[in-house]
Structure formats: structure tokens, C-alpha cells
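Numbering (the numbering used here), first residue to last: 82 to 378.
Ideal placement from N, C-alpha and C gives every residue a C-beta, glycine not left out.
Since the model is a prediction, treat every value here as computed from it, not as a measurement.
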């Protein structure tokens, strides 16, 4: 076996020290990392973003930097990390060993994240892996020593695998310690609706993740000041444009499992969201990516 293409400036020392985790195809419960759901780690734009994210809120700070060649990793690229988290949690719960060194096929990732599986989709996946590898992150989140800077990429390295005849065998990728440690802590992963992958807008995808993280299934719902949401999103657009896009999303109601509403009170706009009651059988079907039965008696 040989690497058809390598995408890292690192040596192979890290790879040789890690056990190989082989992904398991199939309908796994969809898991997301709570830290990634709560904070501005990704570009929400479909156009290439080079401007960094420099976020500060209380003791929490996040710095995300991109390279001009690839641009910043996007919220669509983060689907690869959702796939990885789902694989790792499923393996852990089944008592199988896990590792930061993962081997899979592009088809598995594309099928899990509801993408097409043709050549164009494969090329888009490789571009996403490049952005995840080249985007660098530094944050105080889960850092014991707040003043110590720890910088990492969403993927330490990745490579395509091929046999001696050049036939594709799949891909390998290495996850960073920061992400891997968060995923394997049960308190830092949430199950999300597989319909999340059908959301096409960057802002509505981000909204679903923050709503799922903070609102969960509280009967009374949750609410945020719109300026607070604007700050947490990390977008480059001004508040007025952000509020305009929020109103359009509220009008469409695209978020699976939640109803959104905007209200103006005490001189501020607030976004409210409440969970839609879900039948337990339908919820179980959604968790494994199956469509609930309509008009079931």
C-alpha cells in the first residue's frame, strides 16, 4: 500500500505511534461535539473566507486563521468532523478501541453526510479535507493553562491510499488531540437530527447547532439576544444584515425539531426557539437516519 497523495508538512512519526481505527459503514447515530456547536470555529459563507475569526467573550477566546490557497474551513466541511465523532462514539459504546488515526472511504463519509457520491462530490470532499487541514485554531476552551497557546488544525494530516497499481483504497486522516478528547467525553457530545445535513444555508446550519446545544429539549425553549447571536456567529456581515437573514430563516422554519420566533422587547430583538414534541418511535428512526412513518396509527 502506498500514499497516492499526502497533505501534510508533518513527518510520519505521529502516524507510526497511533493504532489504526477502521470506520464501520452503516446508519450510526449522528453525534456532534458540543464545543463546536457553541462557538464560532467555522466560516458560514459559501465563498472563500480568508479573514480570521478573532472572538472574545469573558474568559473564552478563539482565534481561527486560514491560508489564501484554501480559505477557512466551513460549516459544511465540519460534516467530516460530525462523521468522525459519530464513528468514535459508536465504537466506544460498543467496546471497540478508538484512535485519532482513522481509515475510511470517501463513499462512507459522503453517504453518511447525505452528499452525492459521484466524482464532483469526491473532489469537493478532498477540498474540504484540505481546508480542515490548513485551517489553524487556537482557543482557551478546555485549556487548563489559559495563558498557554495551543494551536491545532481540524485534521493534523490526511492522505489518499492506493495499491501498487494506483487503485484507490480509501483515505487516512489524523484528528487533533483537542477534538478527540472532547468527543470521547460523554458530556461533550450530543446527538443531532440527521436532517441537519439537508440544511443548505450556513447560518441556518449554525443556528441549528447552537439551538440544539443550548435549548435541547427544554419544554419552555430558550432565547438569545440577536446582537449576542451575531457576535457568537463570527460572521463578517454587519448586525443589520445578520438580523435580516434571521428574519428570513424564521419565516421558512427550516430547523428540524424546533420552532423559531423573533420578538422585540425592552428595545432589543430576541430569537426564541421551542422544541417540537417528538414521538419516541419517530425520534429513534431519525437518530439512525430513517424517515419517520407518516400518518402512523
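- In the pairwise beta carbon analysis, the segment 242-252 is classified as touching the segment 183-190: at least three pairs are separated by under 8 Å.
- Three or more Cβ pairs closer than 8 Å define a contact, and the segment 333-353 meets that threshold against the segment 272-287.
- Under the Cβ criterion (8 Å, minimum of three pairs), the segment 195-212 does not count as touching the segment 162-182.
- Looking from the CA of residue 135, the closest CA among 326, 342, 312 belongs to 312.
- In this structure, DSSP gives residue 118 a helical state, which the three-state scheme calls helix.
- Counting the other Cβ atoms within 10 Å of the Cβ of residue 248 gives fewer than 16, which makes it exposed.
- Beyond the five residues adjoining it in sequence on each side, residue 305 comes within less than 7 Å, by CB distance, of 351, 352 in the same chain, given in chain order.
- Between residue 263 and residue 269, the C-beta spacing is below 8 Å.
- Rounded to whole angstroms, the gap between the alpha carbons of residue 319 and residue 117 is 23 Å.
- The beta carbons of residue 220 and residue 143 sit about 5 Å from each other, so the pair counts as a contact at 8 Å.
- Here DSSP, grouped into helix, strand and coil, assigns residue 180 to coil.
- Our two residues, residue 193 and residue 348, have alpha carbons roughly 44 Å apart in a direct line.
- Excluding the 5 residues flanking it on each side, residue 287 has same chain C-beta neighbours closer than 7 Å at 125, 156, 314, in chain order.
- The Cβ atoms of residue 327 and residue 317 do not sit closer than 8 Å to each other.
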